[in-house]
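Take a look at the structure set out below.
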Amino acid sequence: MTRLFRNQTQQELVEARGKISGLETEIARERNGKKDKDIKMSRLTTEMAQIEAKLIGKIAETKRKNDDLEAQLRTQNTEARDGKAKIGELEGEINALQSKNSDLETQINRTMNLLDLYQDGWSYLAKTASWYKVIEQRMSFDEAEAYCASRKSHLVSIHSQEEHDFVWKLAKPVSSYGWFWIGLKRNPDKKNAFEWTDGSSLDFTNWEEREPYSDTHAYLHSSDGIWRAYYPTNQYPFICKRSSQF
């Protein structure tokens, strides 16, 4: 019986040793697995650190490029503002030159127009800034006014002694004893009051004594410069007056 117990004990020891050996193997395997995991984790950590470093580098590079772009944009915006300001300045200069050119053209045209008037026999009186011309062709009052209108003028209106003497001196060389229509006539819509055909105010007259009677249209007599009135259908030479503003 003792031998049987001893054999049984040995058998149990063998089994226990087998289990211990199995456990040791399993523990070793677990340790090796953990070691592999630690190695893998370390490798992953290293890779993550490398990736993070690359990302940080990329972010820094992107920020640098973005800063460069912003600097370029600021420069371009400044240049654009300066360019717009320069364009505005140039446009202002162009407009000023165009205005000056327009003024010069107007002045040239006016000078040429005045030269044409002078060459066409018109005489200028600075006080009235007007041109005057004696037309020797005989016409009725209305025909004479129409003729003057076709030359951008009216039958002459007279507003001072100086202007009267100027007009009279123009008429005398044409005829020393003649009648010349001037632009003064009665207006039946205004109680037959006299008025100038150019619409200017009646602020000067040089009627002969007891004139104008009942006649309706005025003329100037070249012998003495006196005004008289007569029928508008009579045909006389006449005097046109043209403003320098035409």
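Residue 0 is where the sequence shown starts when you use numbering that gives the first Met the number 0, and the numbers rise one by one after that.
We put the CB at the ideal spot given by N, CA and C, even for glycine.
Exercise for review: Can you give me the Cβ contacts of R137 inside the same chain, cut-off strictly under 8 Å, excluding the 5 residues immediately before and after it?
Suggested key: Reading the sequence shown from its first residue, position 138 is the one you call residue 137. Answer for R137: Q234, Y235, P236, listed in chain order.
Exercise for review: Report the rounded CA-to-CA distance for I225 versus G182, giving the unit in angstroms.
Suggested key: In the sequence shown, residue 225 corresponds to position 226, counting from 1. In the sequence shown, residue 182 corresponds to position 183, counting from 1. Roughly 14 Å between the two C-alpha positions.
Practice item. Between the Cα of A145 and those of D188, D197, S129, S175, spot the shortest distance and give me the residue it belongs to. Key: As a first step, residue 145 must be located in the sequence shown, where it is residue number 146. Ranking the options by Cα distance to A145, first place goes to D197.
Exercise for review: Under 6 Å Cβ to Cβ from D214, same chain only, skipping five residues before and after it: list those, please.
Suggested key: Your numbering for residue 214 matches position 215 in the sequence shown. Scanning its chain for C-beta atoms nearer than 6 Å, with the 5 sequence neighbours on each side dropped, one finds around D214 the residues A228, Y229, in chain order.
**Study point:** For I86, the three-state DSSP class (helix, strand or coil)
**Key:** In the sequence shown, counting from the first residue as 1, residue 86 sits at position 87. In the structure shown, I86 falls within a helical segment according to DSSP collapsed to helix, strand and coil.
Review point. For W195 versus S156, is the C-beta distance shorter than 9 Å?
Key: Within the sequence shown, residue 195 is the residue found at index 196, counting from 1. Within the sequence shown, residue 156 is the residue found at index 157, counting from 1. In this structure, S156 lies closer than 9 Å to W195 by Cβ.
Exercise for review: Please report the residue range of the beta strand (DSSP E) in which H158 lies.
Suggested key: For the purposes of this step, residue 158 is identified with residue 159 of the sequence shown, where counting begins at 1. That residue, H158, is in no beta strand (DSSP E); it is neither H nor E in DSSP.
Check your understanding: CB W180 to CB L154, shorter than 9 Å?
Key -> Stepping through the sequence shown from its first residue, residue 180 is reached at position 181. Stepping through the sequence shown from its first residue, residue 154 is reached at position 155. Annotated as proximal: W180 and L154, with beta-carbon spacing under 9 Å.
Check your understanding: Alpha carbon to alpha carbon, what distance is there between D67 and E88?
Key -> Stepping through the sequence shown from its first residue, residue 88 is reached at position 89. Stepping through the sequence shown from its first residue, residue 67 is reached at position 68. Going from the Cα of E88 to the Cα of D67 covers about 31 Å.
Practice item. List the whole-angstrom C-beta distance separating P231 from H220, where the pair is believed to meet the contact cut-off of C-beta under 8 Å. Key: On the sequence shown, residue 231 is found 232 positions in, with the first residue counted as 1. On the sequence shown, residue 220 is found 221 positions in, with the first residue counted as 1. About 17 Å; that fails the 8 Å criterion.
Point to revise | Coarse secondary structure for V133, derived from DSSP in three states | key: Numbered from 1 along the sequence shown, position 134 holds the residue referred to as residue 133. V133 falls in the strand class under three-state DSSP.
Exercise for review: Please indicate yes or no: does the CB of A145 lie closer than 8 Å to some heavy atom of the ligand ADP?
Suggested key: The ligand ADP is not part of the structure shown, which contains no ligands of any sort.
Check your understanding: Which of helix, strand or coil does DSSP assign to W167?
Key -> One-based indexing of the sequence shown puts residue 167 at position 168. Correct three-state label for W167: helix.
Review point. Is it right to say K132 is buried, meaning 16 or more other beta carbons lie within 10 angstroms of its own, or is it exposed?
Key: On the sequence shown, position 133 is the one that residue 132 refers to. By the 10 Å Cβ count, K132 comes out buried.
Check your understanding: Distance, Cα to Cα, A148 vs R80?
Key -> Along the sequence shown, one-based indexing puts residue 148 at 149. Along the sequence shown, one-based indexing puts residue 80 at 81. Spanning the two alpha carbons is a distance of roughly 57 Å.
Point to revise | Neighbourhood of S139 by C-beta, 8 Å cutoff - its chain only, sequence neighbours within 5 removed | key: Position 140 of the sequence shown, counting from 1, holds the residue named residue 139. For S139, where only same-chain residues beyond five positions count, the Cβ hits under 8 Å are P231, T232, N233, Q234.
**Study point:** Status (buried if at least 16 other CB within 10 Å, exposed otherwise) for I238
**Key:** Residue mapping note: residue 238 aligns to position 239 of the sequence shown, counting from 1. I238 is buried by the Cβ-count criterion.
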